[in-house]
Amino acid sequence: MNLEALLKQAMDLEKVQAMLYQGLEKKFYFSKEISQFWSGMAEDEKGHYDSILKMFNQFSPDQLSVEVDNNLYNAICKGLSELKFSRLKDVFDLHDACKLAAEVEDYETVAVFEFIHTRFKDDSRRLKVSEGILAHMNKLASFSDKFKSVDERRRIRAIPQS
Numbered sequence: 293m294n295l296e297a298l299l300k301q302a303m304d305l306e307k308v309q310a311m312l313y314q315g316l317e318k319k320f321y322f323s324k325e326i327s328q329f330w331s332g333m334a335e336d337e338k339g340h341y342d343s344i345l346k347m348f349n350q351f352s353p354d355q356l357s358v359e360v361d362n363n364l365y366n367a368i369c370k371g372l373s374e375l376k377f378s379r380l381k382d383v384f385d386l387h388d389a390c391k392l393a394a395e396v397e398d399y400e401t402v403a404v405f406e407f408i409h410t411r412f413k414d415d416s417r418r419l420k421v422s423e424g425i426l427a428h429m430n431k432l433a434s435f436s437d438k439f440k441s442v443d444e445r446r447r448i449r450a451i452p453q454s
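Position 6, counted from 1, in the sequence shown is what my numbering calls 298; the numbers after and before it change by one each time, with no gaps.
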């Protein structure tokens, strides 16, 4: 697999992640704090998409044709196949939402962050994408920590998907 295919799949993964966060925003619309958090997460994913697109557009055709590790490409494909909008039907409360978000972020970390971090060590583009993803993961951890326990997160019920 080449870099072009990998980056295109990574951009598709970012779009799917944004869509899932928008779905979580709707499931918690009754809480301004919670719905705004998920909206912000969706915006972050859109920013990640834009960063990868900018990186993609800066590469020459020769650079885009460089072969990459198939395991990374397969990780992105797995994320795309497993992170479907239909997963929102399994979110019954804030704890479920945080678990889904952690899974979303795991795919992003493996598929995008690790690849960019190792492949473009001395490239300023790496730093921008890496810092954005790390900040995004910290944002999720801080939000989840606001709700001290699983029981507290379970008490905040989601609106069923129609």
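Even for Gly, the Cβ is constructed at its ideal location relative to N, Cα and C.
- request: Kindly indicate the opening and closing residues of the alpha helix (DSSP H) around A450.
  value: No alpha helix (DSSP H) contains A450, which DSSP labels as neither H nor E.
- prompt: Beta carbon of L312, beta carbon of L392: below 9 Å?
  reply: Taking 9 Å as the cut-off, the beta carbon of L312 is found closer than this to the beta carbon of L392.
query: Just checking, does the segment 300-312 make contact with the segment 337-355 on the three C-beta pairs under 8 Å criterion?
result: The segment 300-312 is in contact with the segment 337-355.
- prompt: With burial defined as no fewer than 16 other Cβ atoms inside 10 Å of the residue's Cβ, what is the status of I425: buried or exposed?
  reply: buried
Buried or exposed by the 16-neighbour rule on C-beta atoms within 10 Å, applied to A302: buried
message: According to DSSP, simplified to helix, strand and coil, what is D382?
response: helix
task: Grab the span of the alpha helix (DSSP H) containing K376 for me, first residue to last.
output: The continuous stretches of alpha helix (DSSP H) do not include K376, and DSSP gives it neither H nor E.
message: I'd like to check one pair, I344 with L316: are the Cβ atoms closer than 9 Å?
response: no
- request: Could you tell me whether the segment 428-448 touches the segment 379-393, using the rule of 3 or more Cβ pairs below 8 Å?
  value: yes
- prompt: Starting from V308 and walking both ways along the alpha helix (DSSP H), at which residues does that stretch end?
  reply: L295 to K319
query: When the Cα of F384 is compared with those of V358, A427, S357 and R445, which residue comes out closest?
result: Closest option to F384, judged by alpha-carbon separation, among V358, A427, S357 and R445: R445.
message: Which residue marks the beginning of the alpha helix (DSSP H) containing D336, and which one marks its end?
response: K324 to Q350
query: Between the Cα of L432 and the Cα atoms of D398, L380 and D443, which residue gives the shortest distance?
result: D398
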